[in-house]
Amino acid sequence: MEDVVTLFSRDFFSNPVKKDTFNILKPNDHLTWYRSAGRDTFLKVEYVNQFESTTVLIDSGTYLLVPAQKDPHEPPVGLDHYRCYRIIDPKPVYKPVLLEDQFDMLLGRIERVEYLVPAYLCPPCIKNQELPLFDTLTHYVAYSFIPEPAPVPTQVATDQFERYPVWAFQSELLLVPSKKISIPFPDTCWYWKKGYPDYVPYGVPDFDQKQDGWVNPSFQWNYCGPTAVANSFWWLDSKFDTLSPGPPPLVHDGYPLVKWMNSMPPFLDDHDTLNVIPLIDSLARCMKTSPQGTNVFEMESCLVNWLKDAGLDKIYYESTWFRPEFDKIEKEVKKSQDVILLLGFYDQSCRRIGGHYVTMAGVCSEKMQIAISDPYFDRNEGNPPGPPTHGSGVHNDAALISGPHRTDVHDFYQGVPLMPGDPCFACGAWELVDYPDSIIYTYNFEWLNDNPFCPNQGYVSGPLRTIVEFAVDVSPESCIAIPGDVNGSGGVPNLQDVIYLVNYVFDKDRTATGCKGIDPGTCWPIDPLCRGDVNGSGGALPINLPDVIYLVNFVFDKDRPATGCKGIDPGNCWMPVATRNCCLPVPLPMR
């Protein structure tokens, strides 16, 4: 990319260096480091060098490296300019090395460095279109390390800007030749549903419906409905399984939405690969999946009952929308809700062929694009038009989604709104224009997963359209009031809530009354009263000293003092009812 940069100061000077037993090959190569400012960027970059192979995020361009001549050396030959970008959240490399540069030789010493921290990625660049690049492949990673004082006599250097004295005080950075593997084009449009360690490391899973004999008498794979919901529930369960010591095979089930489905030993983790098929089977029974697939309203009833059986019906509510607008879907996904779409396949006269369920994994608002976990197709892996590239059970490892594996990039498609007068306008508000449009690929869904408002009519001829017909959503309750938010300020309970609750329980506002919290009508007001019932005990006198203790433990993280989260991250700290439950939900029409 092209950028205009402003130079501020000379901060560093680079000498050639002998590392361990590798001698200096080009003793005339020196670089001046000019601190600079230009356009910020945000890129994920993969590189490999002698120390590590890793992927990092880079942002601001911080330095411009300019070839320089240091007296009495000759000018460098074939040395490029470099633009150095800051590496975000670097991870140290614990590899001791011995360093000896030209200044160390003057001092008669060798530096021993115990570990290195990648600070900057420096690709070659062309300045003012002066010369082509001499070496387009070699990048440098600048590693910082703990410096040792180096009182070097003043040196003199010359670069294309000026001749200047070099006052060297200490060595701080090591430039290591590196090979850049890839730089994806930056795209700030996409919002992806996050990954969590136990166990959706790359966002929403991508389970496959083509396994375990899930076919009807016509040999059509008919379990896309329960598979799409399994993707959704697995992600939501992983999001809140925050106290887990680690992913499978470690066994830990800290959230009740998904459990180990087998009643016989061995008892494995709820996110073990062996739990995928039993979970999908259980969901299929729950939503009465038949040879004709899954009815969207049976799916709705199943989700309501599943949440109730898990004891989560006071925390989440289910919504089903016919003809959902793209804007509605976008907002739900960005609120981190679970959204399942029913896609309908229609011919050019808008006769419905069949339907297919998928799970939302991300959204690009500006371009009206969606990313999905598709139980049948794996677009990023070339299917279709090609056949599946691996067995159907591979994606039962939730770290493996539709390509490239172990990344968060799901299959994405382009949405386009439907206009009044379109023959399909009564069945949906928008369509996916690049979803597979041939009956060769979508035959599997003919007559499956009916839409009660736009029923199946079977295939006649021609290419197909993919209409977004229904959205099924599982969302946290919208709350008027939550236990723990005692003073009604919103957000995570904090010290001010503790003070408010203590004042109420010990009646600090009106010491003469002596009510000691037993008469909330005349003591410290908490409106509504349920805000103060932090531990959810209820009863005739719901707000008392145990609530104070509960809230203090949360705010000061007394249960897990090593975490240091101090109540700022309730997902990882002690969880009062406030973070998971409403005491007064918003009335449904207002949501």
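For the sequence shown, our numbering assigns the number 1021 to the initial residue and increments by one for each residue that follows.
Here a beta-carbon is modelled for each residue, glycine too, at the ideal position from N, C-alpha and C.
Small disclaimer: the values here were computed from a predicted structure and weren't measured.
Less than 7 angstroms between C-beta atoms, sequence neighbours within five positions excluded: which residues of the same chain meet that for residue i?
{"i": "Ala1304", "result": "Tyr1243 and Pro1246"}
{"i": "Asp1040", "result": "Val1117 and Leu1118"}
{"i": "Trp1450", "result": "Phe1346, Gly1435, Val1436, Pro1437, Leu1438 and Val1488"}
{"i": "Pro1197", "result": "Asn1069, Thr1158 and Tyr1160"}
{"i": "Ser1369", "result": "Pro1443"}
Grab me the residues of residue i's own chain with a C-beta within less than 6 angstroms of its C-beta, minus the 5 sequence neighbours each way, in chain order.
{"i": "Gln1434", "result": "Gln1389, Val1453 and Asp1454"}
{"i": "Trp1210", "result": "Gly1382 and Cys1384"}
{"i": "Leu1362", "result": "Val1316, Gly1375, Tyr1377, Glu1489 and Phe1490"}
{"i": "Asn1048", "result": "His1093, Glu1094 and Pro1096"}
{"i": "Asn1236", "result": "Asn1242 and Pro1311"}
{"i": "Gly1402", "result": "none"}
{"i": "Pro1169", "result": "Gln1190"}
{"i": "Ala1391", "result": "Ala1381, Gly1382, His1430 and Phe1432"}
{"i": "Asp1027", "result": "Position check: residue 1027 holds Leu in this sequence, whereas Asp was assumed. Answer for Leu1027: Tyr1054 and Ser1056, listed in chain order."}
{"i": "Asp1121", "result": "Asn1035 and Val1037"}
{"i": "Pro1221", "result": "Gly1215 and Ala1419"}
{"i": "Glu1352", "result": "Val1359 and Asp1493"}
{"i": "Arg1399", "result": "Asp1431"}
I need the boundaries of the alpha helix (DSSP H) containing residue i, first residue and last residue.
{"i": "Ala1250", "result": "Cys1244 to Phe1260"}
{"i": "Val1133", "result": "From DSSP, Val1133 is part of no alpha helix (DSSP H) but of the beta strand (DSSP E) over Glu1131 to Val1133."}
{"i": "Pro1566", "result": "Leu1565 to Val1575"}
{"i": "Glu1386", "result": "Glu1386 -> no alpha helix (DSSP H), and no H or E assigned at all."}
{"i": "Val1359", "result": "No alpha helix (DSSP H) contains Val1359, which is instead part of the beta strand (DSSP E) from Asp1358 to Tyr1366."}
{"i": "Asp1347", "result": "Phe1346 to Lys1354"}
{"i": "Glu1318", "result": "Val1316 to Asp1329"}
{"i": "Tyr1184", "result": "No alpha helix (DSSP H) contains Tyr1184, which is instead part of the beta strand (DSSP E) from Arg1183 to Val1186."}
Residues in its own chain within less than 8 angstroms of residue i by CB, not counting five upstream and five downstream?
{"i": "Asp1273", "result": "Asp1261, Lys1279, Trp1280, Asp1289 and Asp1290"}
{"i": "Lys1199", "result": "Tyr1067, Val1068, Asn1069, Leu1157, Thr1158 and His1159"}
{"i": "Lys1348", "result": "Trp1341 and Ala1491"}
{"i": "Thr1174", "result": "Pro1185, Val1186 and Trp1187"}
{"i": "Asp1567", "result": "Leu1521, Val1525, Gly1552, Asp1553, Val1554, Asn1555 and Ser1557"}
{"i": "Lys1387", "result": "Cys1209 and Gln1434"}
{"i": "Lys1213", "result": "Gly1223, Val1224, Trp1255, Val1353, Ser1356, Met1380, Ala1381 and Gly1382"}
{"i": "Pro1167", "result": "Gln1190, Ser1191 and Glu1192"}
{"i": "Val1324", "result": "Asp1333 and Glu1338"}
{"i": "Thr1515", "result": "The residue asked about is misnamed: residue 1515 is Leu in this sequence, not Thr. Cβ neighbours of Leu1515 beyond the five flanking positions: Val1575."}
Alpha carbon to alpha carbon, how far is residue j from residue i? Give it in angstroms, no decimals.
{"i": "Tyr1184", "j": "Pro1095", "result": "15 angstroms"}
{"i": "Glu1350", "j": "Val1429", "result": "17 angstroms"}
{"i": "Ala1162", "j": "Gly1558", "result": "59 angstroms"}
{"i": "Leu1051", "j": "Lys1064", "result": "26 angstroms"}
{"i": "Thr1583", "j": "Trp1187", "result": "Model confidence at Thr1583 stands at a pLDDT of 43, short of 50, so the residue's coordinates are unreliable and nothing is read from them."}
{"i": "Pro1666", "j": "Leu1565", "result": "Past the boundaries of the shown model lies residue 1666; the chain is included only from 1021 to 1611, so the question cannot be answered."}
{"i": "Ile1502", "j": "Tyr1336", "result": "14 angstroms"}
{"i": "Pro1152", "j": "Pro1265", "result": "53 angstroms"}
{"i": "Thr1314", "j": "Ile1201", "result": "44 angstroms"}
{"i": "Pro1458", "j": "Glu1466", "result": "For clarity, residue 1458 is Ser in the given sequence; the question names Pro instead. Between Ser1458 and Glu1466, the C-alpha separation is close to 12 angstroms."}
{"i": "Trp1254", "j": "Trp1053", "result": "49 angstroms"}
{"i": "Cys1306", "j": "Cys1444", "result": "31 angstroms"}
{"i": "Tyr1219", "j": "Ser1258", "result": "6 angstroms"}
{"i": "Ala1532", "j": "Gly1510", "result": "Here the model assigns Ala1532 a pLDDT of 44, short of 50, so the residue's position is not dependable, and the following value carries that caveat. So the two alpha carbons sit approximately 31 angstroms from each other."}
{"i": "Lys1111", "j": "Phe1165", "result": "12 angstroms"}
{"i": "Ile1563", "j": "Pro1548", "result": "12 angstroms"}
{"i": "Gly1098", "j": "Ile1146", "result": "13 angstroms"}
{"i": "Pro1456", "j": "Asp1367", "result": "13 angstroms"}
{"i": "Phe1042", "j": "Tyr1135", "result": "18 angstroms"}
{"i": "Leu1084", "j": "Pro1143", "result": "10 angstroms"}
{"i": "Tyr1102", "j": "Ile1130", "result": "27 angstroms"}
{"i": "Phe1154", "j": "Asp1100", "result": "6 angstroms"}
What are the start and end residues of the beta strand (DSSP E) that includes residue i?
{"i": "Arg1399", "result": "First-last for Arg1399: undefined, no H or E at that position."}
{"i": "Thr1178", "result": "Gln1175 to Asp1179"}
{"i": "Arg1485", "result": "Arg1485 to Pro1496"}
{"i": "Arg1154", "result": "Reading off the sequence shown, one finds Phe at residue 1154, where the question assumed Arg. Where Phe1154 is concerned, there is no enclosing beta strand (DSSP E), given that its DSSP letter is neither H nor E."}
{"i": "Ile1519", "result": "Careful: Ile1519 lies outside any beta strand (DSSP E), inside the alpha helix (DSSP H) at Leu1515 to Val1525."}
{"i": "Tyr1163", "result": "Thr1158 to Ser1164"}
{"i": "Leu1303", "result": "That residue, Leu1303, is in no beta strand (DSSP E); its alpha helix (DSSP H) goes Val1296 to Cys1306."}
{"i": "Tyr1337", "result": "Tyr1336 to Phe1342"}
Any beta carbon of chain B sitting closer than 8 angstroms to that of residue i?
{"i": "Lys1355", "result": "Absent here is chain B; the protein component of the structure consists of one chain."}
**Message:** Counting beta carbon pairs with one atom in the region 1159-1179 and one in the region 1078-1096, are three or more of them shorter than 8 angstroms?
**Reply:** Flag = yes, the region 1078-1096 and the region 1159-1179 touch.
**Prompt:** Can we say the region 1474-1481 touches the region 1378-1392, given the rule of at least three CB pairs closer than 8 angstroms?
**Reply:** no
**Prompt:** Hey, is the region 1363-1374 in contact with the region 1395-1412, meaning 3+ C-beta pairs nearer than 8 angstroms?
**Reply:** no
**Asked** Which ranges would you report for the beta strand (DSSP E) in the region 1034-1071 if only whole runs of at least 3 residues count?
**Response** DSSP assignment within the region 1034-1071 yields the following whole beta strand (DSSP E) runs of 3 residues or more, N-terminal first: 1037-1039, 1050-1057 and 1063-1068.
**Item:** Secondary structure, alpha helix (DSSP H): runs of 4+ residues fully inside the region 1099-1150
**Value:** 1122-1127
**Segments assigned alpha helix (DSSP H), at least 4 residues, entirely inside the region 1192-1236** = none
**Asked** Which ranges does the beta strand (DSSP E) cover as unbroken runs of at least 3 residues, wholly within the region 1071-1095, from first to last along the chain?
**Response** For the region 1071-1095, whole beta strand (DSSP E) runs of length 3 or above, ordered along the chain, are 1073-1090.
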